[in-house]
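For reference, each letter of the sequence shown is one residue, going 573 to 1493 in our numbering.
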Amino acid sequence: MNNWNNGNLEQVHQADEQGLYDLLETCQEGLSNQEALARQAMIGKNILAAEKKESLFVTFIKNFTGLMAILLWVAGAIAIFSHSPELGIAIWMVNVINGLFSFVQEHRASQATEALKRMLPSYCRVIRDGQECKLLAEDLVIGDLVLIEEGDKISADGRLLQSNDLKVNQSALTGESNPIEKTEFPDSDSNKTSLEFDNMVFAGTSVSAGSGKFIVTAIGMATEFGQIAHLTQEMQEEKSPLQKELDLLTKQISLIAVSIGLFFLVSSMFLVGQPFAQAFIFALGMIVAFIPEGLLPTVTLSLAMAVQRMAKEHALVKKLSSVETLGATSVICSDKTGTLTQNAMTVNSLWTSGRQIDVTGLGYDSHGELQEEGETIKPDQDQLLTKLIRYAPLCSNAKVLAPNAENPNYTVLGDPTEACLNVLAEKAGFQLADLQKAYPRLREFPFDSVRKRMTTLHQSAEQGTLFTITKGAPKEILEKAAFYCDEYGVHPMTEAYFQASLAANDQFAQEGLRVLALAYRDWPAETDKNSLTLQDVEEELIFIGLISMSDPPRQGVIEAIEKCHKASIRIIMVTGDYGITALSIAKKIGIVKGEQARVISGSELVHLSDQELKKALKGEVVFARVAPEQKFRVVKNLQEMGEVVAVTGDGINDAPALKRADIGVAMGITGTDVAKESADMILTDDNFSSIVHAVEEGRAVYRNIQKFLSYIITSNGPEAVPSAFFLFSKGFIPLPLTVMQILTIDLGTDMLPALGLGIEPPVEGVMDKPPRLITDRLLDRSLIVKAFCWYGMLESLIAMIGFFFVYYLGQGHLNHFVNHGLLYHQATTITLGAIIFAQMGMVMNARADGQSIFTLKYFANKLINLGIILEIFLFLCLTYLPFLQGIFNTAPLAPIHWLYLLTCPFLMTAMEETRLRLKKK
573 MNNWNNGNLE QVHQADEQGL YDLLETCQEG LSNQEALARQ AMIGKNILAA EKKESLFVTF
633 IKNFTGLMAI LLWVAGAIAI FSHSPELGIA IWMVNVINGL FSFVQEHRAS QATEALKRML
693 PSYCRVIRDG QECKLLAEDL VIGDLVLIEE GDKISADGRL LQSNDLKVNQ SALTGESNPI
753 EKTEFPDSDS NKTSLEFDNM VFAGTSVSAG SGKFIVTAIG MATEFGQIAH LTQEMQEEKS
813 PLQKELDLLT KQISLIAVSI GLFFLVSSMF LVGQPFAQAF IFALGMIVAF IPEGLLPTVT
873 LSLAMAVQRM AKEHALVKKL SSVETLGATS VICSDKTGTL TQNAMTVNSL WTSGRQIDVT
933 GLGYDSHGEL QEEGETIKPD QDQLLTKLIR YAPLCSNAKV LAPNAENPNY TVLGDPTEAC
993 LNVLAEKAGF QLADLQKAYP RLREFPFDSV RKRMTTLHQS AEQGTLFTIT KGAPKEILEK
1053 AAFYCDEYGV HPMTEAYFQA SLAANDQFAQ EGLRVLALAY RDWPAETDKN SLTLQDVEEE
1113 LIFIGLISMS DPPRQGVIEA IEKCHKASIR IIMVTGDYGI TALSIAKKIG IVKGEQARVI
1173 SGSELVHLSD QELKKALKGE VVFARVAPEQ KFRVVKNLQE MGEVVAVTGD GINDAPALKR
1233 ADIGVAMGIT GTDVAKESAD MILTDDNFSS IVHAVEEGRA VYRNIQKFLS YIITSNGPEA
1293 VPSAFFLFSK GFIPLPLTVM QILTIDLGTD MLPALGLGIE PPVEGVMDKP PRLITDRLLD
1353 RSLIVKAFCW YGMLESLIAM IGFFFVYYLG QGHLNHFVNH GLLYHQATTI TLGAIIFAQM
1413 GMVMNARADG QSIFTLKYFA NKLINLGIIL EIFLFLCLTY LPFLQGIFNT APLAPIHWLY
1473 LLTCPFLMTA MEETRLRLKK K
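What follows is the structure, given as structure tokens:
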């Protein structure tokens, strides 16, 4: 049994029927039930292995144990230790609320394996002990003989023993839009990938047409389907770029805060002579002051608001941190079928007698018309066109079901290539049911991959005459055509007409279109329909014309791709379709613009080293006929090149790449459950252009976080500078700002405006710039310099002028400072007020983000406006409510003090406007 028990047989595609029986130790009567049970006991059932999941408790705890969360827990403890229990509890509540919100938003246990299981059929028809029986799919073993027919889902990988015009839809595994013709003949081509062998069938695919019998060669996790599940399961969840940035930012802030705390601890002990306990409390207060308590809530709110805006643009985000990842995306690896195109074959044009007639309308919707040189034509007034359009669906077996309450989309039964012929007839005003009634089918000579033709025999219900219709590959049809017809009648085929027809076919093929040729032959009414042979009906044909078709691009995709190029985002098509088709679509929709674009097939990719692949990825490239693990490899190499990669897809074959990508984007309508569960984001309209809106939102989130940091860090300077005056004057200048007042700014007045910055919508022109580099830091040098050395110093100057201004007004000189009484409390109050009011101007500077504040829509951000009102209200409460005055060392202010405070916001904005104008000059 060593020949089969590993479930990983190689080269079964090369063996003949008897060789397969010998290799798999079975026979024409199939396995016995006893032998099947023995094999099952040895290698297990035909099921996918369950993925080990993180426990709900661990998932929950993770939301409260990140670096920033730990820093907030410590900050809260410090506040409580500093005799400020209310503020400590407030900090902890910020952490709790943020953690709960994140958990609720992101808690979706991975269901990829379960979704894969749902794709497999429950039952199958098997031959055991020489008898056909119905069996649970999970009970299949290697060596079983399985029967399949049109409409069946395939339960395991296998090698075909019989094929009767069998076509299999493998789009879920390969992404290829057209059903694959299957044969039972041995194939020894060593250049093919495992999914390219036409004598093999695979679990998770379905039968589009015909019937067949195969011998099971792999089950469960050993199938191609199972390998995808394995790739999906083995990947560890990685942190998003934003999560990595926040971790780094937390370390930076912690280092700054602790360093400043130690500095003030040592300085207060040695310069001022404070006792250790008092100096320690003072230093702890400074550490808390430099911790941005509002960072996590702001980030979460910013992401959540972006998620809401994206939902309105048909993009559902499953994980909050994925939003910002989109903003950093530098490469989008996109599937073709169902993502860039509609996955709905559509007739583009007709060619007959030297004329080209264009067909409007997309997909399986029958709205459209026929046009010649831009003018609408009516086919019922043109006998030649009428014949071409009527005969094509008669020689087909597919059906198109209109959307209904249960299924909002068009459903195709059979080959999509044939289905679009029915739609063509409807666009011309003909109904398939009426045609079938007028010309009932008497016999069918099915299509096969050798002849590349299909023929049907019909009788005119009205006249009783017989005729055959033959459709298939243009060259094969033309070689059998002895005549051609035009508007004047039927004529003998000439070399000139033959070559003109081939030239028209070549032109369509160069445009990436699929082409069918149509011919017919009349028969005497007395012909015995049963006496006709295949050779009879496919000789002396009368050629009618050509029908070209394609899977059309999605609406708006061309514009979306252009926006991506403008935003310096590369798009690489990675598809299971043929190279010539993929390259044609890539050129048509603008993914590829140069003439030197390279098409790399799956078979070529196998032989490329990672170094050669990375070199190819630097230029314009299209990947065609690739296997799931190869798409995964492309994404992996791009990431190793430093790219932030988004992957779009809708099939099972896309699942590993979707999960490996920095952000996976699945189609909501046509996407399989597997793709949706593996992705980070789902497009509810399946429209590639929705990604552009999502990228825009992602970029806005990153800028909003930087605006928040700029705003918050600005107040850190004036919170620290007053303490420096106290220390370096060795206590001569009393403390201009107390620890309680510092915490009031951080957790009170600054909080709501800071949150308001987090919900700013994308600014105009955000998509005109390249994506941020993965090495860019949230807290970069320019932000630190601007926040500390420009805005921070301005606010510090304003705050300290206010402090000295109170003493000057009260004493008429600055020779003697007191650290108690009304004058001191007024001085600390105006220092606090100056920072609060300066921050009102600063929030507008942050909103403008380097632009003039006169470009702002002042009342657009209601949260910021509400925050400014709340700041004023809180300051009034601190200043005039007696029980708060004692806690926060404040006192009522005189009118002249208020006049000074009211100038502070305008001083901040005026200085920034001056800086911007000087910078422009």
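Even for Gly, the Cβ is constructed at its ideal location relative to N, Cα and C.
Since residue i and residue j should fall inside the 8 Å C-beta cutoff, what is the C-beta to C-beta distance between them, to a whole number of angstroms?
i: T1028; j: L966; result: 7 Å
i: M772; j: H939; result: That belief does not hold up - the Cβ atoms of M772 and H939 are roughly 40 Å apart, past 8 Å.
i: L707; j: Y695; result: 7 Å
i: T911; j: G1221; result: 7 Å
i: M1253; j: V1267; result: About 11 Å separates the two Cβ atoms, so there is no contact after all.
Helix, strand or coil for residue i? Go by DSSP, reduced to three states.
i: Q583; result: coil
i: I1144; result: strand
i: G1303; result: coil
i: K689; result: Residue confidence for K689 is low, a pLDDT of 47 falling below 50, so the modelled location carries little weight; the figure read from the coordinates is stated next. If DSSP states are grouped into helix, strand and coil, K689 belongs with the helices.
i: M1339; result: helix
i: Y1380; result: helix
i: Q955; result: helix
i: A1010; result: helix
i: F784; result: For the sequence presented, residue 784 should be read as Gly rather than Phe. Strand.
i: I699; result: strand
i: M1213; result: coil
i: T795; result: coil
i: F1389; result: coil
Counting along the chain, where does the alpha helix (DSSP H) carrying residue i start and finish?
i: G1270; result: 1261-1300
i: D1182; result: 1182-1189
i: M1412; result: 1393-1420
i: Y593; result: 589-596
i: T1498; result: Residue 1498 is absent from the structure shown; the chain starts at 573 and stops at 1493.
i: C905; result: No alpha helix (DSSP H) holds C905; the beta strand (DSSP E) holding it covers 903-906.
i: L993; result: 988-999
i: I1314; result: 1311-1316
i: K1492; result: 1467-1492
i: G899; result: 894-900
i: D1108; result: 1106-1109
i: G1328; result: 1323-1329
i: Q612; result: 605-615
For residue i, report the span of its beta strand (DSSP E) as first-last.
i: Y1092; result: 1086-1095
i: S1032; result: Looking at the DSSP string, S1032 is not in any beta strand (DSSP E), and its letter there is neither H nor E.
i: K1495; result: Absent from the structure is residue 1495, since the part of the chain shown begins at 573 and ends at 1493.
i: L888; result: 887-889
i: N920; result: 918-924
i: N736; result: 729-741
i: E947; result: 947-949
i: I1436; result: It is not in any beta strand (DSSP E) - I1436 instead sits in the alpha helix (DSSP H) that spans 1434-1452.
i: G1061; result: 1061-1064
i: F1080; result: F1080 -> not in any beta strand (DSSP E); alpha helix (DSSP H) instead, spanning 1067-1082.
Compute the distance between the beta-carbons of residue i and residue j, then report whether it is under 9 Å.
i: F1376; j: G1405; result: no
i: F786; j: R731; result: yes
i: L1113; j: Y1092; result: yes
i: A1410; j: P1308; result: no
i: L1210; j: L1189; result: yes
i: L596; j: G715; result: yes
i: G926; j: A1072; result: yes
i: A1251; j: G1243; result: yes
Considering only heavy atoms of the ligand PLP, does any lie closer than 8 Å to the CB of residue i?
i: L1446; result: The ligand PLP is absent from the structure shown, which contains no ligands of any kind.
Counting Cβ pairs, one atom from each stretch, are 3 or more of them under 8 Å apart for the segment 1133-1150 and the segment 937-949? In short, these stretches do not touch, since the Cβ pair count stays below three.
Within 8 Å, do at least three Cβ pairs link the segment 1331-1351 to the segment 1383-1394? Counting Cβ pairs under 8 Å, fewer than three are found: no touch.
For the structure I just gave you, are there three or more beta carbon pairs, one from the segment 1118-1136 and one from the segment 1314-1325, closer than 8 Å? No, because fewer than three Cβ pairs between the segment 1118-1136 and the segment 1314-1325 fall closer than 8 Å, the two stretches do not touch.
Would you call the segment 1324-1339 and the segment 1271-1286 in contact, with 3 or more CB pairs under 8 Å? The segment 1324-1339 vs the segment 1271-1286: in contact.
Does the segment 1200-1217 come into contact with the segment 913-925, if we say contact requires no fewer than three beta-carbon pairs (one atom in each stretch) closer than 8 Å? In short, these stretches do not touch, since the Cβ pair count stays below three.
When you compare the segment 1065-1079 with the segment 1010-1024, are there three or more beta-carbon pairs, one atom per stretch, that lie closer than 8 Å? The segment 1065-1079 vs the segment 1010-1024: no contact.
Any contact of the segment 1029-1046 with the segment 1084-1091, i.e. 3+ C-beta pairs under 8 Å? Using a C-beta cut-off of 8 Å, the segment 1029-1046 makes contact with the segment 1084-1091, since at least three inter-stretch Cβ pairs fall below that distance.
Is the segment 722-730 touching the segment 777-784, taking contact as three or more C-beta pairs under 8 Å? Touching, yes.
Counting pairs of beta carbons, one from the segment 892-905 and one from the segment 1359-1374, are three or more of them closer than 8 Å? Contact fails between the segment 892-905 and the segment 1359-1374, because fewer than three Cβ pairs, one in each stretch, are under 8 Å apart.
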